[in-house]
Each structure stands twice: as C-alpha cells, then as structure tokens.
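Structure record follows, encoded as structure tokens.
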C-alpha cells in the first residue's frame, strides 16, 4: 500500500535551533504536502510541492519534493516557541488526487 | 466565512449505538472528505465526495456510511459503533482539480466508544 514513513517521531529542541524532518515511501506521489496541527485543531497546510526536485520556501520553512517522487523533507530555521505542534507530511496519489496519505507525524517541542 | 464546521466536538457512545457526525462548509467547495486520526498516527481517509450526489470509499470505509445531498453538507454515519471506532474525526473540503488540491480541515470530533 501507499504508506508514508515519517521521521523523527518527536524532537525536543532549543529556541533558535534549526529543525529537519522527512518522509519516505515505497510508492510515488504526484504531490507532497506538509501540514501543522495544533492541539485540538485540524491540520493546516504549510507548504505544497507539485514537481519532482522542487524546493519551496514559506518564511522560515523550506521543503523539497524528492527527485524519485518517493520522499520529501521539511526544514524549519531559527525555531520559535510557536513552532510547537505536530507536523505531518502527506502525499497525493499519482493515480487519484483525492487519495491523500499521511505520515504519522513529528511532534516538535521548542524549549525557550 | 466560518470555513469547515463540525458537530459535535465530543461524543461518548456505547457499543452498538449509532450516530451521525455533521460537517458543513461555506466555501462553496465541491470536494469534501472524512478522515479519522488515531492516537500517534496520521489521518486516514474514510470517504470522500466530488460533488452532491457522488461519494466514494477511501482507505478505511468499513463501518461508516456517508451521503452528500447538498454542496455544503457531508454527514458521516456510524450504524453500529465499535470500540475500534474510537478516534478523532476530521472533515475537510477543497476545490476540484487544482494542482495540489489544498484541503481545509474542520476542528474535529472526538469520539469514544465504550
């Protein structure tokens, strides 16, 4: 099946540090997306990637769509306390845009 | 715009009971989705709809039913609740056929089946 392996599961960092997380899959995806979920809320889209090799930034966030279409990473630079939350990668199926698979999430804790 | 709204926020069911989770969006999106999120896991797609009157199964549809009689509403029905259906349920909506199909999520319904 189209399962996504997201790592690390959790990270504890100091404010100001950079963060890196990634997702891999044995299947190819048409699109990679990165979401953030705050406690008690639904996920909110951070970055969407449409083309293999694409590198996209959104403020302190940078994400890349792997050349093989089977992986993606998200970097957060100079972390701040409000970066705390759970970050999910998601891939849209190559065959069905409505079939989106999510990774298990990376729980980020930022210590002031 | 209120975006995607879900009711109720919390619910406790007994095994075998039935209930309907409500989802409404006011963004005139034609695509709507239901996901479940188990503790420590990502979201899994239950059902989706590409427009009024059209629904299709996702990754984990067993034990659930949906209907889409209007563009705005997409209720999820549990007929015979089981402990395995204890989860947080998210509804989402999006425009059709966009390159990346950005989905907007509701705040979720936390369901416990005892």
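Protein chains in written order, with our numbering: chain A, 1 to 112; chain B, 1001 to 1114.
Idealized CB from N, CA, C, for every residue including glycine.
- At a Cβ-Cβ threshold of 8 Å, residue 65/A and residue 51/A count as neighbours.
- What residue 1107/B touches in chain A, judged by beta-carbon distance under 8 Å, is 40, 41 and 42, going in chain order.
- Counting C-beta pairs with one atom in each stretch, the segment 83-100 of chain A and the segment 27-42 of chain A have three or more that are closer than 8 Å, which means they touch.
- Nearest neighbour of residue 1040/B by Cα position, chosen from 24/A, 76/A, 9/A and 98/A, turns out to be 9/A.
- Excluding sequence positions up to five before and after residue 1020/B, its CB lies within less than 6 Å of the CB of 1075 and 1077, all in the same chain and listed in chain order.
- The closest CA to that of residue 58/A, considering only 45/A, 67/A and 86/A, is found on 45/A.
- Segment contact: the segment 1025-1037 of chain B against the segment 1087-1094 of chain B, three or more CB-CB distances shorter than 8 Å; contact assigned.
- Apart from the 5 residues on each side of it in sequence, residue 86/A sits with its Cβ closer than 6 Å to the Cβ of 37, 105 and 107 in its chain, given in chain order.
- Per DSSP, reduced to three states, the secondary structure at residue 25/A is strand.
- Sorting 43/A, 40/A, 42/A and 62/A by C-alpha distance to the C-alpha of residue 49/A places 62/A at the top.
- Taken through DSSP and simplified to helix, strand or coil, residue 14/A comes out as strand.
- Look at residue 38/A here: in three-state DSSP terms it is coil, with no helix or strand label.
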